[in-house]
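Chemist:
Numbering (mature numbering (1 follows the signal peptide of the UniProt record, and there is no 0)), first residue to last: -28 to -1, 1 to 574.
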C-alpha cells in the first residue's frame, strides 16, 4: 500500500469539545477561532503552525500536514485515465506514479491539510494546500468524504456517499481573487444542458448538486462568509513544516504557493456532518469533463466517539466469593464534530470473552458535564436516577460534546477484575466511526471471615484401679458464620487436651476439607488436669480455639471475636470459645480442695 508522510511534531492536538466563540458572527469562517490570513503562522487565533506544533488549540480533528509522495521517493502519484473526473464514481478513478515532471509543476501539490472546529455548536472545516511551483492563478478542490477512502496499486478503495462535500476554489488575478463553489454528492443528479453557471439547488453534473453557487469569496472581505479562501498572493511566507519550492528559498512559500480556506458546514447544509477522508486535488476544480491532476488523500476522522467506565459495588448483600456483582457505569461521548448514533456496547471481564452486557441507557439531565461527570461514579449513578431512559441509543442523535450514560451489572468470580467496554457508533448519515474503549478496575471485594466456638464441660472422677482421677469432659460446636468457605480446621484446648475430635471423625482437620458457609461441626474431648485448683468448689477452667484457612480478600467483620493473620496463600483465622468453668465439689470453706468435705460434683 502506498503511504503519505504526515508531518507532526511531538505533541497532540488538544481537542475542545465545545468552543464558545466570542469573536465572530456565527456564520463567518474568517475572523474566528482559526486564522485565514494567507499565511500558516499563528498570530492571534489558531493557525496551521498551531496544529502542526501540537500547541493547545480548539480543533476537534486534524489531518496533520500530509505530504505528497514526491517528497518520499522521487515519485509522484497523480490522476490518470478518462474515468478520473469529479462527477464519476471513485471506483472509476485511477492514478499512477511517475517522476515529478508529471503533473505540471503548477499543479503539483506538496502538502495538504484540513482541520475541523465546532464554533458555537456549528461545524466549520478549514482546509489548505501548498504547491511545488507558482503560476499566479490556480485551481484547487477539496473533497470531504463520509466513507473511508484509500489508495492502492493505482486504484481507490471506498465509494461516495450522498452528502459528500466538494469545495472548488479558483484563484485568479495573480492569486489575489478567490472564487468558491460548494457541491454535494447526490446520485439523483443528472447532467443539465448547457455549460452553466448553474444556480444553487440545481444539478451541475451527474451526481453533483450545487449548494453554493460559484462567486467571489476572498477571506477578509468583511466577514459573514460561509465559505472563503485566500493565498499568499503578494509575499513570501514562512513554512512551519519542511517545504522545498521548485525555485526559491527552502522553508519559504513563494507568492501564490500557499492556499487556505474554510467552510461553515452547518450554515450551508443545515447540519453538522461526519467525514472520514479528505482529498485535495489540483487542475480541474469545476471543469467536470476534465481529469484532475495531482491529489493528496488521507484520513479525516471528524466524527468520533469516546468511552468512559467506572466499576463499583452499590450493595454487597448478594455477593459471594465466586459470584461478585459489580455496578458498571460510564458514558458514550461525542468528542468529534458531527452528530453520531451509538450502535452498540460490549464488555470483557478480566481480558475474557467479549459479550453483550445488555446495558441500560440514559440521556443525562441538564447540568451533567461529560468532561468531569463521565468519570465520577457518584455523578453517573445520579444521572441514571435523574436522566431520561433511552431504549435504543442508535435512535438518538448525539450532538458534539454531549454524552449518553449507560449502566449494567456484571457478575464474576474475578475479584477486583480489570475489564473493558467497547463502544461502537456511526454518523447519523451512516459514516463509519472508529470504535472506542475504556477500562476500569473493579474494587477488591473483602468477604467476611467469622468463626464462632461454643463450649460446655463437666468435671468427673474416674477410677484407674487404685486411685480416683479428675477427668474434664468437654464438647461444643464450631460454626462458619462468614461469607467464605474455610479449610484445614484444627481445634486446640487450653490446657492441652488428651483427646479432641470433630464429628464426623477427623475429616475437617485435613487441609483439603472445607467448612462451608453456614456450616457447623460438633467436637468433643477430655483431659486429666495435672494440678488441683484453689477455691471452694474446685473450679477447672479451659478454652477451645478453632483455627482455619480463609482465602485472600477476606477479613473478620468489625467487632468480631475472630482474628486473622496473613500467611502464604491466604489468611489463618482463629476464634476461641468463652472460658468455661467445671466445678468438681463443694469444700469446707478453707479454700483448699484437698481438705474439703465430699459432695456431689457439678
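Each residue gets a CB set at the ideal place from its N, CA and C atoms; glycine is no exception.
Could you spell out where the beta strand (DSSP E) holding residue 51 opens and where it closes?
Modeler: Taken as a continuous stretch (DSSP letters only), the beta strand (DSSP E) holding residue 51 covers 48 to 52.
Chemist: Keeping to the same chain, check which residues put their C-beta closer than 6 Å to that of residue 389; ignore five residues upstream and five downstream.
Modeler: Excluding sequence neighbours, residue 389 sits near 321, 322 and 414.
Chemist: Please report the residue range of the beta strand (DSSP E) in which residue 533 lies.
Modeler: No beta strand (DSSP E) contains residue 533, which DSSP labels as neither H nor E.
Chemist: Here's a check: name, in chain order, each residue in its chain whose Cβ is nearer than 6 Å to the Cβ of residue 268, leaving out the five neighbours to either side.
Modeler: Correct list, in chain order: 38, 40, 81, 84 and 252.
Chemist: Spell out the partners DSSP gives residue 492 in its beta bridges.
Modeler: 451, per the DSSP bridge assignment.
Chemist: Can residue 403 and residue 229 be called in contact, C-beta distance under 8 Å?
Modeler: Not closer than 8 Å, so no.
Chemist: Whole angstroms are fine: how far does the CA of residue 298 sit from the CA of residue 450?
Modeler: Those two C-alpha atoms are separated by around 32 Å.
Chemist: Buried or exposed for residue 289, going by 16 or more other Cβ atoms inside 10 Å?
Modeler: Exposed, since its Cβ has fewer than 16 Cβ neighbours within 10 Å.
Chemist: Cα separation between residue 67 and residue 254?
Modeler: Taking the straight line from one Cα to the other gives about 14 Å.
Chemist: In three-state terms, what does DSSP make of residue 95?
Modeler: Strand.
Chemist: Does the stretch 430 to 438 come within contact of the stretch 139 to 158, defined as at least 3 CB pairs closer than 8 Å?
Modeler: Not touching, per the Cβ criterion.
Chemist: Mind listing, in chain order, the continuous alpha helix (DSSP H) runs of no fewer than 4 residues lying wholly within the stretch 274 to 354?
Modeler: With a minimum length of 4 residues, the continuous alpha helix (DSSP H) runs that stay inside the stretch 274 to 354 are 342 to 345.
Chemist: Give the DSSP bridge partners of residue 23, in chain order.
Modeler: Beta-bridge pairing links residue 23 to no other residue.
Chemist: Please give me, in chain order, every unbroken run of the beta strand (DSSP E) with length at least 3 that falls completely inside the stretch 374 to 398.
Modeler: 375 to 384, all fully within the stretch 374 to 398.
Chemist: Taking Cβ to Cβ, would you say residue 422 is nearer than 8 Å to residue 528?
Modeler: Going by C-beta atoms, residue 422 is nearer than 8 Å to residue 528.
Chemist: Should the stretch 324 to 338 be regarded as contacting the stretch 361 to 377, the criterion being three or more beta carbon pairs within less than 8 Å?
Modeler: In short, these stretches touch, since the Cβ pair count reaches three.
Chemist: Closest Cβ-Cβ distance between residue 486 and chain B: below 8 Å?
Modeler: This model lacks chain B altogether, as it is built from one protein chain only.
Chemist: Considering just the uninterrupted stretch of the beta strand (DSSP E) at residue 432, what are its terminal residues?
Modeler: That run of the beta strand (DSSP E) goes 428 to 435.
Chemist: Note down, in chain order, each residue of its chain lying with its Cβ closer than 7 Å to the Cβ of residue 159, except the 5 sequence neighbours on either side.
Modeler: So the list reads 134 and 179, once near-sequence residues are dropped.
Chemist: Applying the 10 Å Cβ sphere with the 16-neighbour rule, what's the burial state of residue 188?
Modeler: By the 10 Å Cβ count, residue 188 comes out exposed.
Chemist: Considering Cα atoms alone, identify which of 99, 48, 12 and 394 is closest to residue 328.
Modeler: When each option's Cα is compared against that of residue 328, the closest is 394.
Chemist: Please look up how many angstroms separate the CB atoms of residue 419 and residue 456, rounded, as I've assumed it's under 8 Å.
Modeler: Right, the Cβ-Cβ distance comes to about 5 Å (below 8 Å), so this counts as a contact.
Chemist: Using the C-alpha atoms, what's the distance from residue 350 back to residue 154?
Modeler: Their Cα atoms are separated by approximately 47 Å.
Chemist: Let me make sure I understand the geometry here. Which of 98, 469, 307 and 191 has the alpha-carbon closest to that of residue 234?
Modeler: Comparing Cα-Cα distances from residue 234 to each of 98, 469, 307 and 191, the minimum goes to 98.
Chemist: Hey, how far is the Cα of residue 447 from the Cα of residue 538?
Modeler: Between residue 447 and residue 538, the C-alpha separation is close to 29 Å.
Chemist: Quick one: grab the DSSP three-state call for residue 81.
Modeler: Strand at residue 81.
Chemist: Confirm, please, whether the CB-CB distance from residue 137 to residue 591 is below 8 Å.
Modeler: As shown, the chain starts at -28 and ends at 574. That puts residue 591 outside it, with no answer to give.
Chemist: Below 6 Å CB to CB, which residues in the same chain sit around residue 105 once its five sequence neighbours on both sides are set aside?
Modeler: Correct list, in chain order: 77, 78 and 218.
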